[in-house]
Every structure is written in structure tokens, then in C-alpha cells.
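Under my numbering, the first residue of the sequence shown is numbered 73, with each subsequent residue one higher. Glycine included, every Cβ here is placed at the ideal spot set by N, Cα and C. What follows is a single structure, written as C-alpha cells, with notes after it.
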Amino acid sequence: MTGVRMLFRGVLSTTLAALLAVTAGPVQVGSSVASVWGSSPGVASVVREADDRSSSTASDVAVDGAGDAAGYHVRIASGADGYVWHDVAVLRPANLDPGSWYGYQCVTGDGKFAAVAVLPGDLINRNEARDHGAFAYSVNLNSGAVKPLGSGVGLKYHSPGCGLTGTAVFTSNPGTNETETVATAYDLSSGKQTSQSIVAGQVTSVVPVGDRIIGASGSSLVELPSAGSTDSPTTTHTVSAAGAAVFDLRATSDGGADFLTDPGDGSVKIAHLKDSKVSEIGAGKLGATRL
Numbered sequence: 073m074t075g076v077r078m079l080f081r082g083v084l085s086t087t088l089a090a091l092l093a094v095t096a097g098p099v100q101v102g103s104s105v106a107s108v109w110g111s112s113p114g115v116a117s118v119v120r121e122a123d124d125r126s127s128s129t130a131s132d133v134a135v136d137g138a139g140d141a142a143g144y145h146v147r148i149a150s151g152a153d154g155y156v157w158h159d160v161a162v163l164r165p166a167n168l169d170p171g172s173w174y175g176y177q178c179v180t181g182d183g184k185f186a187a188v189a190v191l192p193g194d195l196i197n198r199n200e201a202r203d204h205g206a207f208a209y210s211v212n213l214n215s216g217a218v219k220p221l222g223s224g225v226g227l228k229y230h231s232p233g234c235g236l237t238g239t240a241v242f243t244s245n246p247g248t249n250e251t252e253t254v255a256t257a258y259d260l261s262s263g264k265q266t267s268q269s270i271v272a273g274q275v276t277s278v279v280p281v282g283d284r285i286i287g288a289s290g291s292s293l294v295e296l297p298s299a300g301s302t303d304s305p306t307t308t309h310t311v312s313a314a315g316a317a318v319f320d321l322r323a324t325s326d327g328g329a330d331f332l333t334d335p336g337d338g339s340v341k342i343a344h345l346k347d348s349k350v351s352e353i354g355a356g357k358l359g360a361t362r363l
């Protein structure tokens, strides 16, 4: 299943019971993402990788994801294959068997990698799991090679956020009430963490833009420094005010970012950030306009 809009209610699941058994103590964030499962990314496993897809190119690739009992299916369609959907990889972290999986993914601007966050379906209605209980992966869309990046990321509609080349940022919210945001950047080719920022407050739509990490905080675009801890979160630096709620940031080739704003009247404004200057470049209907 894709997304997290369908919520499940019921008794304590065996998956959640296992989660609680693993985390008999407070979640900690150190040099890597905090996890409600444990600190080691090695708990993640791959059920199946696809055949070589090296004939696909960045200009004609579409990527989607869907979950079922087998795991979370990362699917690709391209002109080289007649736009027929097929699995690149099927992900089932830690050999869990919840009956269904949810996930979100983004694709790098060069079309080579997908960054994927997945969560067991029977935890989808648990705030702590959605905030910091998902697993992070890198999927090479040409070869089907998969690298587990870590655990303890959030399952959020705005995360992960991909850069132009092989980088992506996963966000999570440790603790409760989203009072802090952890933004962890990865090199998707090597599978290595490259930076981590722990800031006070909620920051969404976080993406790598050049050598900076940029996100949305209310009606402002902010930079997240590589610093902070859960005990002493750092603060964001305001890059520019946008005049309305900011969402859907996308890195652009000029070293800036495109994004949408919601002025609250049923419309959206399409804008571009370059350095610290914001320019409006278009408009559309709220709910019907995406970047």
C-alpha cells in the first residue's frame, strides 16, 4: 500500500509488541538516526532485487511503490520497456511479516536512485512509529541494487527528499508532539550517512540543495545546520520568507529550489528560491498542482 491515509485500529499487534520489547527505554539519537527498532541498520533486509534495468534513462523513468504481504514493491516503468510496470525491488525489513507495508519514495534528479522509507502496516496508526519507526533504503533504479541506510526515520508524505544527484534526506521526529526534527542525509550510491541535523520545532519537505539542507518551517524557507542533539537541538537559519505556508520543495539545477505555497484561498503559488530571493513563477489549484 502507498501513503498513510488509511488508518488501522485494533489490539496491540505482535509487530508493535516486538517493537516495544526492542525499545525498553528512551529513543536515543547519536551519530545515526534514532530508531524505535534498534540502532543497527543491519536489521533491514531485501526480499528480492530486480533484473538489470540499465536500458532505462533519466528522461523516461516513472517510479511508484505499493505494499502487500510480500513487502514494499518499488516499481518502475520506462519507455525502453513500453511503460509496463515491474518491480525493481521488494523490501521487507527485519524479516517482519505484518501482512502489509506502507512507504514513500522520491527519485533523484538524474533518475538513477530512489530513496524509500517503509513501515509495517499494523503500525500505521501509531504516532511513534510514523514519527520515528520506519526503515530507510537506497534503490539503484538501473541495476536494482538495494542498500539499507538505517532505521528510525519517519513515514511522512514529505519525506524522503531527493537531490539532483545521488543524495537524499530522511526526516524523523523523536519524542512526542513533533517538537524536534531530525534530518539525516545519505549518499545513495555508497549508502553512507553524510550529515545529520537535529533542530527545534517541526521542519518539513527537507531536501539537499547544493551543499545545504533546506526545508519548510511555516511560511519560511530555512536551512538546517549539521549540528544539534535531542538534549540540545540547534536552531534553523531563515533563508527567506515566502509569504504563505511552504511545501513540496524540489532542488533545481541552478543551485536553488522550486516549491509551492498555500495562501489559504484554494490556490497554490509556484515559486523559486535562488540564494535568498523568492520569485513567483506560476499558480494552480490546491490539491491539483504538484512539482
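Counted within 10 angstroms of its Cβ, other Cβ atoms place residue 248 as buried (16 or more) or exposed
Exposed, since its Cβ has fewer than 16 Cβ neighbours within 10 Å.
Checking 8 Å against the spacing of the C-beta atoms, do residue 176 and residue 231 come in under that value?
Against a cut-off of 8 Å, the Cβ pair of residue 231 and residue 176 comes out as a contact.
Helix, strand or coil: how does DSSP classify residue 363 here?
Residue 363 falls in the coil class under three-state DSSP.
Are the Cβ atoms of residue 203 and residue 244 separated by less than 8 Å?
Contact check for residue 203 against residue 244 passes: the beta carbons are separated by less than 8 Å.
What is the DSSP secondary structure of residue 153, reduced to helix, strand or coil?
The three-state reading of DSSP puts residue 153 in helix, counting H, G and I together.
Rounded separation between residue 229 and residue 360 - CA only:
Using only the alpha carbons, I get a separation of about 16 Å.
Contact between the region 294-306 and the region 327-335 is defined here as three or more beta-carbon pairs at a separation below 8 Å; is this criterion met?
With the cut-off at 8 Å, the region 294-306 and the region 327-335 do not touch.
At 3 residues or longer, what runs of the beta strand (DSSP E) sit wholly inside the region 164-218?
As far as the region 164-218 is concerned, its whole beta strand (DSSP E) runs of at least 3 residues are 173-179, 185-192 and 206-212.
Assigned exposure category for residue 156 - 16 Cβ within 10 Å defines buried
Its Cβ having fewer than 16 others within 10 Å, residue 156 is exposed.
Quick one: what's got a C-beta closer than 7 Å to residue 317's C-beta in the same chain, skipping five residues either side?
Counting only residues of its own chain and dropping the five nearest sequence neighbours on each side, residue 317 has a CB closer than 7 Å to the CB of 290, 291, 333 and 334.
Below 8 Å on the Cβ atoms is my guess for residue 238 versus residue 324; work out the distance and round it to an integer in Å.
Residue 238 to residue 324, Cβ: 17 Å. No contact.
Can you tell me whether residue 326 is helix, strand or coil according to DSSP?
In this structure, residue 326 counts as coil in the three-state DSSP scheme.
When you compare only the Cα positions, how much space is there between residue 314 and residue 200?
Distance between the alpha carbons of residue 314 and residue 200 is about 31 Å.
Span separating the alpha-carbon of residue 185 from that of residue 218:
Their Cα atoms are separated by approximately 10 Å.
Counted within 10 angstroms of its Cβ, other Cβ atoms place residue 210 as buried (16 or more) or exposed:
With 16 or more Cβ atoms within 10 Å of its Cβ, residue 210 is classed as buried.
Assigned secondary structure, residue 132 (DSSP; H/G/I helix, E/B strand, else coil)
Three-state result, residue 132: helix.
Locate the beta strand (DSSP E) running through residue 340, then write down its first and last residues.
It spans 339-346 - the beta strand (DSSP E) in which residue 340 sits, taken as one unbroken run.
DSSP puts residue 256 in a beta bridge; with which residues?
Within the DSSP bridge table, the entry for residue 256 names 242 and 268 as partners.
Going by alpha carbons, who is nearest to residue 251 out of 266, 275 and 263?
Residue nearest to residue 251 within the set 266, 275 and 263 is 275 (criterion: CA-CA distance).
Which value, in whole angstroms, describes the spacing of the CA atoms of residue 194 and residue 279?
Looking at the two C-alpha atoms, the distance is approximately 29 Å.
Which residue comes first and which comes last in the beta strand (DSSP E) that contains residue 309?
Where residue 309 is concerned, the enclosing beta strand (DSSP E) stretches over 309-313.
Candidates 246, 299, 197 and 351: which alpha carbon is nearest residue 225's?
The option with the nearest alpha carbon to residue 225 is 246.
Three-state secondary structure (DSSP) at residue 288?
Taken through DSSP and simplified to helix, strand or coil, residue 288 comes out as strand.
Classification of residue 362 by the beta-carbon crowding that lies within 10 angstroms, buried from 16 upward
Exposed: under 16 other Cβ atoms inside 10 Å.
Residues sharing a beta bridge with residue 230, DSSP
Bridge partners of residue 230: none, in fact.
Might you give, ordered along the chain, the residues of its own chain that have their beta carbon closer than 7 Å to the beta carbon of residue 227, omitting 5 neighbours on each side?
Closer than 7 Å at the Cβ level, and outside the excluded window around residue 227, lie 76, 174, 176, 189, 191, 202 and 206.
Should residue 338 go down as buried or exposed, given a rule of 16 or more other Cβ atoms within 10 Å for buried?
Note on residue 338: under 16 other CB atoms within 10 angstroms of its CB, so exposed under the neighbour-count rule.
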